[in-house]
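Quick note, the sequence shown lines up with residues 1 to 130 if you use the UniProt record's numbering.
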Amino acid sequence: MSGDPDVLEYYKNDHSKKPLRIINLNFCEQVDAGLTFNKKELQDSFVFDIKTSERTFYLVAETEEDMNKWVQSICQICGFNQAEESTDSLRNVSSAGHGPRSSPAELSSSSQHLLRERKSSAPSHSSQPT
């Protein structure tokens, strides 16, 4: 672990010493919570994403509460405000489900990596930059 509070590191498993990838939260543009996918193995999962200019990272939490804590913590680090559901702004993101998305990090049971949380906070929902 780098010890840098502005990055998330993910690993192949609990015993891995070197991260597979580091997500620099300084480049985070948007965070979405409560995503839904048509893939059977992801139905009833607690999926959220972190969008950067380079790619979108899809992450799966064990519970809805954990997902909300992750999203709140990430948004706090990124300096985002909570977005409310709105029809007057295309930039607002609803916490309701989204359709399937393609990504180089498309989730499957073999690619659900472990994240090591650096901070925790109260739950929130989808957020966007201010």
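Cβ atoms here follow ideal geometry from the backbone N, Cα and C, with glycine treated the same way. In this text the structure is predicted, and so the values were computed from the model without any measurement.
Inset, instruction - Provide the residue span of the beta strand (DSSP E) that contains residue 68, from first to last. - result: Position 68 of the sequence shown, counting from 1, holds the residue named residue 68. Counting along the chain, residue 68 falls outside any beta strand (DSSP E), though it belongs to the alpha helix (DSSP H) covering 64-78.
Legend entry - Residue environment, residue 23, which counts as buried when at least 16 other CB atoms sit within 10 Å: Here residue 23 refers to the residue found at position 23 when the sequence shown is read from its first residue. Buried, because 16 or more other Cβ atoms sit within 10 Å of the Cβ of residue 23.
Inset, instruction - Would you kindly report the start and end of the unbroken beta strand (DSSP E) that includes residue 51? - result: Numbered from 1 along the sequence shown, position 51 holds the residue referred to as residue 51. It spans 46-52 - the beta strand (DSSP E) in which residue 51 sits, taken as one unbroken run.
Legend entry - Where the beta strand (DSSP E) through residue 27 begins and ends: Within the sequence shown, the letter at position 27 stands for residue 27. Counting along the chain, residue 27 falls outside any beta strand (DSSP E), and DSSP gives it neither H nor E.
Legend entry - Opening and closing residue of the beta strand (DSSP E) in which residue 9 lies: What you label residue 9 is simply residue 9 of the sequence shown in a count that begins at 1. Here the beta strand (DSSP E) through residue 9 covers 7-11.
Inset, instruction - For my contact list, residue 52 and residue 80 are in at a C-beta cut-off of 8 Å; report their separation, rounded to the angstrom. - result: In the sequence shown, residue 52 corresponds to position 52, counting from 1. In the sequence shown, residue 80 corresponds to position 80, counting from 1. Not really, about 13 Å apart at Cβ, beyond 8 Å.
Legend entry - Nonlocal neighbours in the same chain, by C-beta distance under 6 Å from residue 111, ignoring five residues either side: One-based indexing of the sequence shown puts residue 111 at position 111. Below a pLDDT of 50, predicted positions are generally treated as unreliable, and residue 111, at 29, falls in that range; no measurement from the model is reported.
Legend entry - Touch test, the region 42-50 against the region 62-69, Cβ-Cβ under 8 Å, three pairs minimum: yes
Legend entry - Local conformation of residue 18 per DSSP, three classes: For the purposes of this step, residue 18 is identified with residue 18 of the sequence shown, where counting begins at 1. Here residue 18 sits in coil by DSSP.
Inset, instruction - Would you mind reading off the limits of the beta strand (DSSP E) that contains residue 56? - result: Against the sequence shown, residue 56 aligns to sequence position 56. Start and end: 56-61.
Inset, instruction - Drop a sphere of 10 angstroms on the beta-carbon of residue 3, count the other beta-carbons inside from all chains shown, and report buried for 16 or more, exposed for fewer. - result: Reading the sequence shown from its first residue, position 3 is the one you call residue 3. The residue is exposed, with fewer than 16 neighbouring Cβ atoms inside 10 Å.
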